[in-house]
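Please read the structure below before turning to the comments.
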Amino acid sequence: MVFNPDNTDFFSEHIEDSNQINHLLKYLQNQSPEVLARVARSVTPEIKQIISQNVQGLVGVLPAEGFSVQITTDRENLAGLLASAMMTGYFLRRMEQRMELEDRISGSILSSDFLDRSDRPSSSDNFGF
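Mapping of the sequence shown onto this note's numbering: position 24 corresponds to residue 51, and the numbering continues sequentially without gaps.
Below, the structure written as structure tokens:
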């Protein structure tokens, strides 16, 4: 199967078991293009680069010059690739948020430590020097 984003039936797989409904997929399909574009713009260049490298590693990379690459896969493998890219993105965003939080906390600890030290009497005050 070749992925064609214009093919609206690509994601409308008929599932016999109603317990296997993919609620996330339904949620994403119901989002407006503006919401999806805003989410895509919020991703940092670092995360985009890591996801790109991850997908290239999963698919395989050939130099653009001299090669015309067409990848053919089935629905399940493509879904796995997309899920992997999404999970990588979510994981990287959470790690990025954690790094920012740790930077803020360490910055506030350093500044409060500096303030605490400046409020303390110096050792010369304690000994009458």
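C-beta: ideal position from N, C-alpha, C; glycine also. Everything numeric in this text was worked out from a predicted model, so none of it was measured.
Pull up the distance between the alpha-carbon of residue i and that of residue j, whole angstroms please.
i	j	result
Ala110	Glu127	26 Å
Gln56	Glu92	36 Å
Gly87	Arg102	18 Å
Arg68	Glu61	10 Å
Val70	Arg125	15 Å
Ser133	Leu52	39 Å
Val66	Gln58	11 Å
Pro72	Leu63	17 Å
If you drop the 5 nearest sequence neighbours on each side, which residues of the same chain put their C-beta closer than 8 Å to that of residue i?
i	result
Ile77	Thr115 and Leu119
Ile74	Gly116, Leu119, Arg120 and Glu123
Leu85	Leu108 and Ser111
Pro172	The displayed coordinates of the chain run from 28 to 156. Any statement about residue 172 would go beyond what the structure contains.
If you follow the alpha helix (DSSP H) that residue i is part of, which residue opens it and which one closes it?
i	result
Pro60	Pro60 to Arg68
Gly84	Pro72 to Val86
Could you tell me if residue i is buried or exposed, where buried requires 16 or more neighbouring beta carbons within 10 angstroms of its beta carbon?
i	result
Gln80	exposed
Starting from the C-beta of residue i, find all residues in its chain whose C-beta is less than 6 Å away, skip the five residues before and the five after it, and write them out in chain order.
i	result
Val82	Ala112
Ser138	none
Asp130	none
Give me, in chain order, the residues of the same chain whose beta-carbon lies closer than 7 Å to that of residue i; leave out the 5 immediate sequence neighbours on both sides.
i	result
Pro32	Here Pro32 scores only 47 on pLDDT, less than 50, and its place in the model is too uncertain to base an answer on.
Val96	Leu89
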